[in-house]
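Single-structure report; data block below.
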């Protein structure tokens, strides 16, 4: 089931006067969002429905989280579909966590003022072209403190009438657009002044040092291909959850198309595909904030490097090269083709790719 059907099911059957126990159709639909939307949300994102804790919420909602940014709706930034109390609308909004502020700001005007000021600061840092058409203030038609805080904490939003919803594809495109906005907003959040971030809210400095991340092949100078294989670091290099989920989703997809995906004993390669005696070397990259430039550059460098050291230098047959991305890379697909590298990326309704990827049968 898609976004449209689930939202309409909730709008038509939700009853705030009942509990949030299992067996109630709307509550069950909200709980199903996590599994049913797993293949719909962008790579690295997760959905979770919320119909209230204890009693039913006046304004039920479904959170959509970037695993690399935040998974806690009580604090931080996330996306949410929030229903109005009368269920006449559902709003897709870039939200700030409100619950964690209650101890120090209360649940009334002080919290709302803080959230609204912070929302304005976040919005001011976002590119105009990204938020044009999204400068909407939600109206949840509720006097409940939390709902009013949701209204104040919204950075950008789009409101849908449950009586005249857009198409499934339009809803997915809006969600993917907002996923990009969320990533930009998370970057803006890091630049806000201390006064903007913590006005009225106490903060504690962490004494924990950040983990050291090795970049590329720091300190590693192989003499030849065999030396590269023998000496390449076996240390664990931190990879984002989005990266791992992209590889997992693509591996299942490739398997359905009769390719054999292999990642065991393939270090440092991300993935290898095999079919009819032919091998594809796959390098996966996460596109951040809608800008594929860095991801493409990294994919090119690693594919050529691995091809040289792990295949040519040790006498192995040269593989086909395939770059895998979380979203469309635009003009870079043709650029990669010119370098002899095919590309595949996730779309709102499946997978797409470059000419070579289609020729090989990896995409249609």
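Numbering (this note's numbering), first residue to last: 875 to 1238.
From the three backbone atoms N, C-alpha and C, an ideal C-beta is built for every residue, glycine too.
Keep in mind the model is a prediction, meaning the values are calculated, not measured.
1) Taking Cβ to Cβ, would you say residue 927 is nearer than 8 Å to residue 967?
2) Between which two residues does the beta strand (DSSP E) harbouring residue 969 extend?
3) Is it right to say residue 1181 is buried, meaning 16 or more other beta carbons lie within 10 angstroms of its own, or is it exposed?
4) Once DSSP output is grouped into helix, strand and coil, what is the label at residue 1182?
5) Counting pairs of beta carbons, one from the segment 1002-1019 and one from the segment 909-919, are three or more of them closer than 8 Å?
6) Which residue from 1212, 1166, 1049, 1216 puts its Cα closest to that of residue 1202?
7) Examine the Cβ distances between the segment 1150-1161 and the segment 1187-1200 and report whether three or more of them are shorter than 8 Å.
8) For residue 1026 and residue 1224, what's the separation of their Cα atoms in angstroms?
9) Tell me residue 1218's beta-bridge partners as DSSP assigns them.
10) Would you tell me roughly how many angstroms separate the C-alpha atoms of residue 1237 and residue 1213, rounded to the nearest one?
11) In this structure, what does DSSP give as the bridge partners for residue 951?
12) Residues bridged to residue 1159 by DSSP?
13) Determine which residues share a DSSP beta bridge with residue 923 and list them.
14) According to DSSP, is residue 1016 helix, strand or coil?
15) How is residue 1115 classed by DSSP in three states: helix, strand or coil?
16) Closest by CA to residue 1115, which one among 940, 924, 889?
17) Is residue 937 close to chain D? Criterion is C-beta to C-beta, closer than 8 Å.
18) With a threshold of 16 other CB atoms inside 10 Å of the CB of residue 1138, please say whether the residue is buried or exposed.
19) Is residue 1134 helix, strand or coil when you go by DSSP?
20) Quick check: the Cα distance between residue 979 and residue 985, rounded to an integer number of angstroms?
21) Hey, could you find the ends of the alpha helix (DSSP H) residue 904 is sitting in?
22) Out of curiosity, what's the CA-to-CA distance linking residue 953 and residue 1183?
23) Near residue 1048, which residues of its chain fall below 7 Å by C-beta distance, leaving aside the five closest residues on each side in sequence?
On the basis of the coordinates in this document:
1) no
2) 963-970
3) buried
4) helix
5) no
6) 1166
7) yes
8) 35 Å
9) 1198, 1227
10) 19 Å
11) 970
12) 1199
13) 936
14) coil
15) helix
16) 940
17) In the structure shown, chain D does not exist; there is a single protein chain.
18) exposed
19) strand
20) 5 Å
21) 899-910
22) 43 Å
23) 966, 1032
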